[in-house]
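Data first, discussion second: the structure below is written as structure tokens.
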Amino acid sequence: MTPDSAFVAMKSATRESAVTAEGVVREDKRAPGGREVQVKDFTIIASAETWPITKSAAKSASYLYDKRHLSIRGRKVIATMKIRGEVIGASFDYFREKGFVLISAPTFVQAAVEGGSTLFEVDYFGKKAYLSQSAQFYEEAALPALEKVWIFQPAFRAEKSRTAKHLTEFWMIEAEQAFTEQPENMALLEGLLAFIVKRVLERRKEELRILGRSLKELSLPLPRITYDEAREFAARKGASFEWGEDLTTEAERIISLSHESPFFITDYPLSARSFYHKTYRDRPKVTRSADLIAPEGVGELATCGQRIAEYEELMERVRSQDFSAESLSWYLELRKYGMPPHTGFGIGVERTTRWIAGLKHIRAAGLFPRTMTRISP
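Quick note: the sequence shown, position 189, residue 1573 per the working numbering, numbers continuous.
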């Protein structure tokens, strides 16, 4: 092909056509990326029709997600997905270095982990089943055999929330560790986040630049405040809530905005936590648990806590919170056969990506997000 015919072929190529170009690469400071290609051969492999995502159409977030199968080709989406991939890859490396065993767990389950109000019910050959909210129970079952386990798989919650931080389908990184207590658990979790941030800074500088995101390494240990301190601060800012309730969305946002780096809120009331959380001996209404909160108004990234390892204590908790002992029978039985003290956490991949990439909405942190109003494409 002559230079002239290559030029003619290039002129006929429409936006988003698949092409090949052959030529000589030369350094040129004026060119994007500092290099240019003197093309000698150019071929259109697959021609594209008129691109439907115009500048005016791109102003509509709803339209962009209707056309998500096409809009994922944008520079910012590509940058976000590469950062998300780094979040996941760094997690694999972190747990491998820490000696954790990667396991898998069922997606179809018969018991709720995080409460029945967010369960997706499905018909399982005539039996009632649910999509998994968390792999935690199965990780706990693996502890006497493997001691340190982690998992990377999707979770499903029927969140009837139109907020910037909720999805109905998302990916979780969860870990459980035997012979540990809550301080060690928090150290493991904050170490993971610091490891992820460092990896992204090392390998995804260009993607952060494209997104206009300024990020720096985390200094450990991360700050800690108690639930009571968080509640008092929120009340002073006009976002009060009753003791025993979980933080309201507004209270969490206000507290998050008051910090410059991720931080923990510790010692949540039992009434704001699931039945399996261990409490303090001298404070039976306060759990040995914490939330890891991102700054800048992003809010909760992860929840961590010490689990109840004793059968009678767990059985009493199940009864007091009106859970079905029958549906939890195998989980309860674990406590009869040498269940060691243990802790664990779950951190959301999309929430973590949202904070690291500086995204306004969590739906931008996944390739094809699912919310209460979107199940396509």
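The C-beta atom is built at its ideal place from N, Cα and C for all residues, glycine as well.
Just so you know, these numbers come straight off a predicted model, no measurement behind them.
Please confirm whether residue 1532 and residue 1483 have their CB atoms less than 9 Å apart.
Working through the sequence shown from its first residue, we reach residue 1532 at position 148. Working through the sequence shown from its first residue, we reach residue 1483 at position 99. Using a Cβ distance threshold of 9 Å, residue 1532 and residue 1483 count as a contacting pair.
Which residues in the same chain as residue 1496 place their Cβ atom closer than 6 Å to its Cβ, once the five residues preceding and following it in sequence are excluded?
Walking along the sequence shown from the start, residue 1496 turns up at place 112. If we look at residue 1496 and ignore the five residues flanking it on each side, its Cβ neighbours are 1503.
For residue 1528 and residue 1686, what's the separation of their Cα atoms in angstroms?
Along the sequence shown, read from residue 1 onward, the residue named residue 1528 stands at position 144. Along the sequence shown, read from residue 1 onward, the residue named residue 1686 stands at position 302. Cα to Cα, the separation comes out at about 24 Å.
According to DSSP, simplified to helix, strand and coil, what is residue 1534?
Here residue 1534 refers to the residue found at position 150 when the sequence shown is read from its first residue. Note: residue 1534 maps to strand in three-state DSSP.
Have a look at residue 1703 and residue 1659 and give me their C-alpha separation to the nearest angstrom.
For the purposes of this step, residue 1703 is taken as the residue at position 319 of the sequence shown. For the purposes of this step, residue 1659 is taken as the residue at position 275 of the sequence shown. In a straight line, the C-alpha of residue 1703 is about 9 Å away from that of residue 1659.
Does the distance from the CB of residue 1524 to the CB of residue 1560 come in under 9 Å?
The sequence position of residue 1524 within the sequence shown is 140, counting from 1. The sequence position of residue 1560 within the sequence shown is 176, counting from 1. Cβ atoms of residue 1524 and residue 1560: closer than 9 Å.
Only counting runs of 4 or more residues, tell me where the alpha helix (DSSP H) segments fall wholly within the region 1649 to 1688, in order along the chain.
Listed in chain order, there is nothing to give.
Decide yes or no for the touch test of the region 1663 to 1671 against the region 1719 to 1735: beta carbon pairs closer than 8 Å, at least 3 of them.
no
Express the C-alpha separation of residue 1414 and residue 1539 in angstroms, rounding to a whole number.
Against the sequence shown, residue 1539 aligns to sequence position 155. Against the sequence shown, residue 1414 aligns to sequence position 30. Whole-angstrom Cα-Cα distance: 47 Å.
Let's test the definition: count the other Cβ atoms within 10 Å of the Cβ of residue 1509 and tell me whether it reaches 16, buried, or not, exposed.
Your numbering for residue 1509 matches position 125 in the sequence shown. Residue 1509 comes out exposed.
Which whole-angstrom value is the C-beta distance of residue 1741 and residue 1472, which I expect to be below 8 Å?
As a working mapping, residue 1741 is identified with position 357 in the sequence shown. As a working mapping, residue 1472 is identified with position 88 in the sequence shown. With a Cβ gap of about 13 Å, residue 1741 and residue 1472 do not count as contacting.
Helix, strand or coil for residue 1438, going by three-state DSSP, please let me know.
For the purposes of this step, residue 1438 is taken as residue 54 along the sequence shown, with counting starting at 1. Looking at residue 1438 - three-state DSSP - the assignment turns out to be coil, as it is neither helix nor strand.
My guess is that residue 1463 and residue 1428 are in contact by the Cβ rule of under 8 Å, so how many angstroms apart are they, rounded?
As a position in the sequence shown, residue 1463 is number 79, starting the count at 1. As a position in the sequence shown, residue 1428 is number 44, starting the count at 1. So it is not a contact: roughly 27 Å between Cβ atoms.
Does the distance between the C-beta of residue 1454 and the nearest non-hydrogen atom of the ligand ATP fall short of 8 Å?
This structure lacks the ligand ATP; in fact it carries no ligand of any kind.
Alpha carbon to alpha carbon, how far is residue 1457 from residue 1411?
As a position in the sequence shown, residue 1457 is number 73, starting the count at 1. As a position in the sequence shown, residue 1411 is number 27, starting the count at 1. Cα-Cα distance, rounded: 27 Å.
Can you tell me whether residue 1508 is helix, strand or coil according to DSSP?
Within the sequence shown, residue 1508 is the residue found at index 124, counting from 1. Note: residue 1508 maps to strand in three-state DSSP.
Check whether the region 1694 to 1703 touches the region 1739 to 1757, counting contact only when three or more Cβ pairs, one atom from each stretch, lie closer than 8 Å.
no
Would you tell me roughly how many angstroms separate the C-alpha atoms of residue 1402 and residue 1672, rounded to the nearest one?
As a first step, residue 1402 must be located in the sequence shown, where it is residue number 18. As a first step, residue 1672 must be located in the sequence shown, where it is residue number 288. C-alpha separation (whole angstroms): 55 Å.
Assuming residue 1454 and residue 1754 form a contact by the criterion Cβ under 8 Å, report the distance between their Cβ atoms to the nearest whole angstrom.
Looking up residue 1454 in the sequence shown gives position 70. Looking up residue 1754 in the sequence shown gives position 370. With a Cβ gap of about 18 Å, residue 1454 and residue 1754 do not count as contacting.
Straight-line Cα distance separating residue 1521 from residue 1761:
One-based indexing of the sequence shown puts residue 1761 at position 377. One-based indexing of the sequence shown puts residue 1521 at position 137. So the two alpha carbons sit approximately 32 Å from each other.
Please go through the region 1545 to 1580 and give each complete beta strand (DSSP E) segment of 3 or more residues, from N-terminal end onward.
Counting only runs of 3 or more, we get 1553 to 1562.
Give the C-beta separation of residue 1655 and residue 1689 to the nearest angstrom, bearing in mind that I take them to be a contact with Cβ-Cβ under 8 Å.
As a first step, residue 1655 is located in the sequence shown; it is residue number 271 there, counting from the start. As a first step, residue 1689 is located in the sequence shown; it is residue number 305 there, counting from the start. Actually they do not touch by this definition, with Cβ atoms about 14 Å apart.
Going by the CB atoms, is the gap between residue 1640 and residue 1575 shorter than 9 Å?
Residue mapping note: residue 1575 aligns to position 191 of the sequence shown, counting from 1. Residue mapping note: residue 1640 aligns to position 256 of the sequence shown, counting from 1. Cβ distance not < 9 Å, so residue 1575 and residue 1640 don't count as in contact.
Beta-carbon gap between residue 1648 and residue 1606 smaller than 9 Å
Your numbering for residue 1648 matches position 264 in the sequence shown. Your numbering for residue 1606 matches position 222 in the sequence shown. Judged by beta-carbon spacing, residue 1606 lies within the 9 Å limit of residue 1648, meaning their Cβ atoms are closer than that value.
Our contact map puts residue 1470 next to residue 1587 with C-beta atoms below 8 Å; I'd like the distance itself, whole angstroms only.
Counting from one through the sequence shown, the residue named residue 1470 turns up at place 86. Counting from one through the sequence shown, the residue named residue 1587 turns up at place 203. Confirmed, Cβ separation roughly 6 Å.
Helix, strand or coil: how does DSSP classify residue 1445 here?
Residue 1445 sits at position 61 when you count from the first residue of the sequence shown. Of the three classes helix, strand and coil, the one that applies to residue 1445 here is helix, per DSSP.
Taking residue 1419 as part of the beta strand (DSSP E), name the residues at either end of that continuous run.
As a working mapping, residue 1419 is identified with position 35 in the sequence shown. Unbroken beta strand (DSSP E) run through residue 1419: 1419 to 1430.
Thinking C-beta only, is residue 1485 closer than 9 Å to residue 1526?
On the sequence shown, position 142 is the one that residue 1526 refers to. On the sequence shown, position 101 is the one that residue 1485 refers to. Yes.
Does the distance from the C-beta atom of residue 1594 to that of residue 1459 stay below 9 Å?
Here the question's residue 1594 lines up with position 210 in the sequence shown. Here the question's residue 1459 lines up with position 75 in the sequence shown. Contact flag set, yes.
Given that a residue counts as buried once 16 or more other Cβ atoms are within 10 Å of its Cβ, and exposed if not, what is residue 1732?
Indexing the sequence shown from 1 puts residue 1732 at position 348. Label assigned to residue 1732: buried.
Looking at chain D, is there any beta carbon in it that lies within less than 9 Å of the beta carbon of residue 1585?
In the structure shown, chain D does not exist; there is a single protein chain.
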